[in-house]
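Residue numbers (our numbering): 27 to 339. The beta carbon of each residue, even a glycine, is placed where N, CA and C say it ideally should be. This report concerns only the one structure given below.
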């Protein structure tokens, strides 16, 4: 990871002083005027049989919590940003403990054909999960992360720059799409790897995972170049306080804007209700999303339970 990556458009960024003030309790966000509980996302347990084989036709998309998904179709089983660990941190930290279980265990998963990784943060690139999947697992990653993973023994790693495409099977390909974020695993490696979303494209179907992101001008370009998208997986949580999070995470209202600009026909919400990363109540993101969708006249951007199966096509 020798190169440092950046967001190529004008944006505001938070400073180390901002982070310190937040951690010391000196930055507090005015509460959203609506009401939301502090409960984590609901859970539906997945049976091994329900995911044993990809569907004969169409695609199956299953939220595994946070930004993790199992995507099945065209004879393939893919994972996106899988984290099965109890903590989204390099060591057990009470404030970053998982608050809703995974809907299945790693041993319940079928054979995984490829894992897509959006960036290097601990809540998206979970090394213990990857090691349990096996070092021969095919990893498709944002640019700049292949060397780091290779040094940890992973043998099949493909890094994909923004807008470039790789084939993962006959008739199925993935494209790296822009997002606005940053990455780091230590104080010394900030932005040594890139960040991205992923478009999975099969016959007559496009599925898009936005990655971890703030709002940025690239979403309109994604819609123009790659849309319409049959199903988007769009983040809605971890947004308060805004002085810290506005440059890295969208609000639910901004997620609705992304839905429109990327020309999604349907979407499911992610990046909420699993880990307590920021200050908003755990169940505020879906409540705000519902209000924003109502205001925009959108009925096809939904929240689902962890483990709920969504079919496409």
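For residue 155, no beta strand (DSSP E) segment is defined; the enclosing uninterrupted segment is the alpha helix (DSSP H) at 153 to 159. Annotated as proximal: residue 256 and residue 232, with beta-carbon spacing under 8 Å. Per DSSP, residue 247 lies in no beta strand (DSSP E) segment; the continuous alpha helix (DSSP H) that holds it begins and ends at 244 to 252.
Assignment of beta-bridge partners to residue 261 by DSSP yields 296. Secondary structure at residue 111: coil, using DSSP grouped into helix, strand and coil. Counting along the chain, residue 231 sits inside the beta strand (DSSP E) bounded by residues 231 to 235. As computed with DSSP, residue 195 is found in a beta bridge with 198.
For residue 99, the enclosing beta strand (DSSP E) stretches over residues 94 to 99. Note that the segment 98 to 117 does not touch the segment 286 to 295; fewer than 3 beta-carbon pairs, one per stretch, sit closer than 8 Å. Look at residue 90 here: in three-state DSSP terms it is strand.
Residue 284: member of the alpha helix (DSSP H) spanning 278 to 287, first to last residue. Boundaries around residue 142 are those of the beta strand (DSSP E), 140 to 143, since no alpha helix (DSSP H) includes it. Under the three-state reduction of DSSP output, residue 168 falls in the strand class.
Linking residue 96 to residue 89 through their CA atoms gives a straight-line distance of about 7 Å. Considered as a whole, the segment 31 to 76 harbours 42 to 49 as its complete alpha helix (DSSP H) runs of no fewer than 4 residues, in chain order.
Comparing alpha carbon positions, the residue from 203, 180 and 196 closest to residue 190 is 203.
Looking at the DSSP output, residue 128 sits in no beta bridge, so it has no partner there. In the DSSP assignment, residue 269 falls within the alpha helix (DSSP H) that extends over 268 to 271. Per DSSP, residue 219 lies in no beta strand (DSSP E) and is assigned neither H nor E. With the rule of 3 Cβ pairs closer than 8 Å, the segment 260 to 272 counts as touching the segment 295 to 314.
With respect to residue 234, residue 223 sits close: the two C-beta atoms are nearer than 8 Å. The closest CA to that of residue 220, considering only 323, 92, 46 and 143, is found on 143.
Taking C-beta atoms under 8 Å as the contact rule, residue 304 and residue 271 qualify, at a distance of about 6 Å. Distance between residue 85 and residue 50, taken at the CA atoms: about 46 Å.
Judged by beta-carbon spacing, residue 58 lies within the 8 Å limit of residue 310, meaning their Cβ atoms are closer than that value.
Counting every other CB atom within 10 Å of its CB across the protein chains shown gives residue 120 a total below 16, marking it as exposed. Proximity to residue 140 across 215, 308, 182 and 211 peaks at 182, based on C-alpha coordinates. For residue 331, no alpha helix (DSSP H) encloses it, and the DSSP letter there is neither H nor E.
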